[in-house]
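Trainee:
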RNA sequence: GCGCCUCUAGCUCAACUGGUCAGAGCAAGUGACUCUUAAUCACUAGGUUCAGGGUUCGAGUCCCUGGGGGCGUACCA
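Residue numbers (the numbering used here): 26 to 546.
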């Protein structure tokens, strides 16, 4: 028994009263808080200001990984990380320490540190952050290690780590306390590494093609660019109702009017709708616009971009999502929507057909419909209910009804259709793109049609954006636009089924209970 | 919003049809151990079985209400 341990034990006893009301980890948190007090009493700061690190664990492996078992390099390094495993052997302790790059073993011996230093190291708990100074060596069993000459506590953890083998699997806790998930679960760290790689790849890919990254407002006077219910808020000083954006589209196209020929934005958008494995109220959207291009150019861009993300994230263009293999290698098939409906529902429809006929087609296909839907909406419903869920993909679904696409250019060959596609993978929309509508008169009419829907009670339709039409009146060059849900792209290349797995802090109902409350001291 | 499933120690999980059933592993405490690798070994402690009602001689188990989560569905161009 060392003096330090005596202090800690006494302090624990002194704070026994807190145990009964401590909501976390039984008495473990109180015990560790008592250690913090004991450290301070000895003049040790359990939360010091900084540490000079010379090497990450990966760098130690890179430079000294070749050492022979049992060899000492003689090179001194300073490493830092969280203690995730401890193996105490009496006068020798092995600690596995993890930093952002991996893990490194600390080799800690009584003979080197002396009684006090060794006893203090023995007082560490799993989860504590430490900094260590020592010689790089390899144990007789061949484990690369730092033989510790000096060390210090960098941050005391007062809550215990989850099970070191089984990790943390409770989804509620994993998402609410993502920090614990990231500590405990290798797969969580992997998924977010994929996410960061995908976003970096998108930026690099588009910059290589001379797209300029821009930032546009999140607060809109009038939400537009998509069919969705916005969140609303209020600006106090201006006494102005505002909406959070539901898309990036309208501002980006204004920039093309201004002469910026290729722009993109990766930004958060917000939609006030239900939650599911595929929907989070706020999610990250990529939109890019290219002057003088049309939707066929956007198809090429899409398949190349997605394939490149998959290559960077996984090394190849064939991904596996829960046992289902998807080959993302370009080119992807391009199929008109009306052909697909004919294949899957056995009926040749067209948005130019009479409403009664299309309603009958829906009824025969067992697709529920609402009174008042126009022909375009009926055709779209037929597609979404009978075709989309069955498309393994990747596939480009081409040429949507004009009525349901108020921002897309009328099709060059068919006035009832627009030049629009969605990329579908595993029955889900991954990308949405058009040859953009550039005619200000046509655009105003489309907006007015939406405004009539809104007036009729459709809370996902929006009114006329006068400033946007004014911008078009200055001349929007012919252009193609593309939107990709980054979260869904990450899900695809990371091979996960829930959007919550790829969002660091997914939206959940408010937490109940007192575990997150103030410390009981 | 609706339907189904689920909630047991800090973590991961047990407990046949209601009947010594509140248990195990990890984590924690004590002890042994100078080459471990999820270290090992011995001992110890740890619970409002999500909350509140109810049925019963008896409820972790059955019923009701509420809460969290999951899945499906609706909504989601």
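All C-beta atoms, glycine included, are put in the ideal place defined by N, C-alpha and C. This structure is a prediction, so every number in the text was calculated from the model and none was measured.
1) Using only alpha-carbon positions, find the residue among 426, 357, 387 and 390 that is nearest to residue 417.
2) Can you tell which of 397, 67 and 219 has its C-alpha closest to the C-alpha of residue 340?
3) Run the CB neighbour count on residue 499, radius 10 Å, all protein chains shown included, and call it buried at 16 or more, exposed below.
4) Can you tell me whether DSSP reads residue 152 as helix, strand or coil?
5) Taking all protein chains shown into account, do 16 or more other C-beta atoms lie within 10 angstroms of the C-beta of residue 522, making it buried, or fewer, making it exposed?
6) Tell me which residues share the same chain as residue 298 and place their Cβ nearer than 8 Å to its Cβ, disregarding the 5 neighbours each side in the sequence.
7) Below 6 Å CB to CB, which residues in the same chain sit around residue 319 once its five sequence neighbours on both sides are set aside?
8) Between the Cα of residue 274 and the Cα atoms of 185, 479 and 457, which residue gives the shortest distance?
9) Need the endpoints of the alpha helix (DSSP H) that residue 176 sits in, please.
10) Would you call the CB atoms of residue 496 and residue 282 closer than 7 Å?
11) Go to residue 446, then tell me how far its beta strand (DSSP E) extends in each direction, as first and last residue.
12) How should residue 525 be labelled, buried or exposed, when 16 other C-beta atoms within 10 angstroms of its C-beta is the threshold for buried?
13) Below 8 Å on the Cβ atoms is my guess for residue 160 versus residue 94; work out the distance and round it to an integer in Å.
14) From residue 533 to residue 271, what does the alpha carbon distance come to, in whole angstroms?
15) In terms of alpha-carbon separation, which member of 443, 439, 423 and 421 lies closest to residue 430?
16) Give the list of continuous alpha helix (DSSP H) stretches no shorter than 4 residues that lie fully inside the stretch 319 to 369.
17) Give the single residue among 226, 231, 269 and 257 whose Cα lies nearest to the Cα of residue 241.
18) Applying the criterion that 16 or more other CB atoms from any shown protein chain within 10 Å of the CB defines a buried residue, is residue 66 buried or exposed?
19) Within the stretch 53 to 94, note down every full beta strand (DSSP E) run reaching 3 residues or more, in order along the chain.
20) So, for residue 330: in the same chain, excluding its five sequence neighbours on each side, which residues have a beta-carbon less than 7 Å away from its beta-carbon?
21) Could you check how far apart the C-beta atoms of residue 405 and residue 455 are, in whole angstroms? I think they sit under 8 Å.
22) Measuring straight from C-alpha to C-alpha, what distance separates residue 97 and residue 131?
23) Quick check: the Cα distance between residue 403 and residue 346, rounded to an integer number of angstroms?
24) How long is the line joining the alpha carbons of residue 195 and residue 517, rounded to whole angstroms?
25) Spell out the partners DSSP gives residue 504 in its beta bridges.
26) Output the residue ranges of the alpha helix (DSSP H) runs that lie fully inside the stretch 177 to 248 and measure 4 residues or longer, sorted by chain position.
27) I think residue 155 touches residue 122, with their Cβ atoms under 8 Å apart; what is that distance to the nearest whole Å?
28) When you compare only the Cα positions, how much space is there between residue 197 and residue 452?
29) So the alpha helix (DSSP H) residue 475 belongs to, where does it begin and stop?
30) Pull up the CB-CB distance for residue 183 and residue 58, whole angstroms please, since I reckon it's below 8 Å.
31) Compute the distance between the beta-carbons of residue 449 and residue 494, then report whether it is under 7 Å.
32) Measure the CB-CB distance between residue 549 and residue 372 and report whether it falls below 7 Å.
33) So the candidates are 289, 441, 158 and 407; which of them puts its Cα closest to the Cα of residue 370?
34) Helix, strand or coil for residue 432 per DSSP?
35) With three or more C-beta pairs closer than 8 Å as the rule, is the stretch 478 to 489 touching the stretch 197 to 216?
36) Is the Cβ-Cβ distance between residue 333 and residue 289 less than 7 Å?
Mentor: So, from the data block:
1) Residue nearest to residue 417 within the set 426, 357, 387 and 390 is 357 (criterion: CA-CA distance).
2) Looking at the Cα atoms, 219 is the closest of the given residues.
3) So residue 499 ends up on the exposed side.
4) Per DSSP, reduced to three states, the secondary structure at residue 152 is coil, with no helix or strand assignment.
5) An exposed status is given to residue 522, since fewer than 16 other beta-carbon atoms sit within 10 Å of its beta-carbon.
6) Excluding sequence positions up to five before and after residue 298, its CB lies within less than 8 Å of the CB of 253, 254, 304 and 306, all in the same chain and listed in chain order.
7) Cβ neighbours of residue 319 beyond the five flanking positions: 460 and 505.
8) Comparing Cα positions, the closest option is 457.
9) Run containing residue 176: none in the alpha helix (DSSP H); it sits in the beta strand (DSSP E), 169 to 180.
10) Yes, the Cβ-Cβ distance between residue 496 and residue 282 is below 7 Å.
11) Looking at the DSSP string, the run of the beta strand (DSSP E) that includes residue 446 is 439 to 450.
12) Buried, by the Cβ-count rule.
13) With a contact defined as Cβ atoms closer than 8 Å, residue 160 and residue 94 miss out at about 15 Å.
14) Spanning the two alpha carbons is a distance of roughly 20 Å.
15) Relative to the Cα of residue 430, the nearest Cα in the group 443, 439, 423 and 421 belongs to 443.
16) As far as the stretch 319 to 369 is concerned, its whole alpha helix (DSSP H) runs of at least 4 residues are 320 to 339.
17) Of 226, 231, 269 and 257, the residue nearest in Cα terms is 269.
18) Exposed.
19) If we require 3 residues or more, the stretch 53 to 94 turns out to have no beta strand (DSSP E) run fully inside it.
20) Hits under 7 Å: 227 and 230.
21) So it is not a contact: roughly 18 Å between Cβ atoms.
22) If you take the alpha carbons of residue 97 and residue 131, they lie about 13 Å apart.
23) Near 32 Å, if we compare the C-alpha coordinates of residue 346 and residue 403.
24) In a straight line, the C-alpha of residue 195 is about 23 Å away from that of residue 517.
25) Partner(s): 316.
26) Runs of the alpha helix (DSSP H) spanning 4 or more residues and lying entirely within the stretch 177 to 248 occur at 196 to 201, 203 to 209 and 211 to 233, in chain order.
27) So it is a contact: roughly 7 Å between Cβ atoms.
28) Cα to Cα, the separation comes out at about 27 Å.
29) First-last of the alpha helix (DSSP H) with residue 475: 465 to 480.
30) The beta carbons of residue 183 and residue 58 sit about 5 Å from each other, so the pair counts as a contact at 8 Å.
31) In this structure, residue 449 keeps its C-beta atom at 7 Å or more from the C-beta atom of residue 494.
32) In this structure the chain extends from 26 to 546, so residue 549 is not present and cannot be described.
33) Distances from the alpha-carbon of residue 370 to those of 289, 441, 158 and 407 put 407 closest.
34) Coil at residue 432, not helix or strand.
35) No, the stretch 197 to 216 does not touch the stretch 478 to 489.
36) Result no, Cβ atoms of residue 333 and residue 289 do not sit closer than 7 Å.
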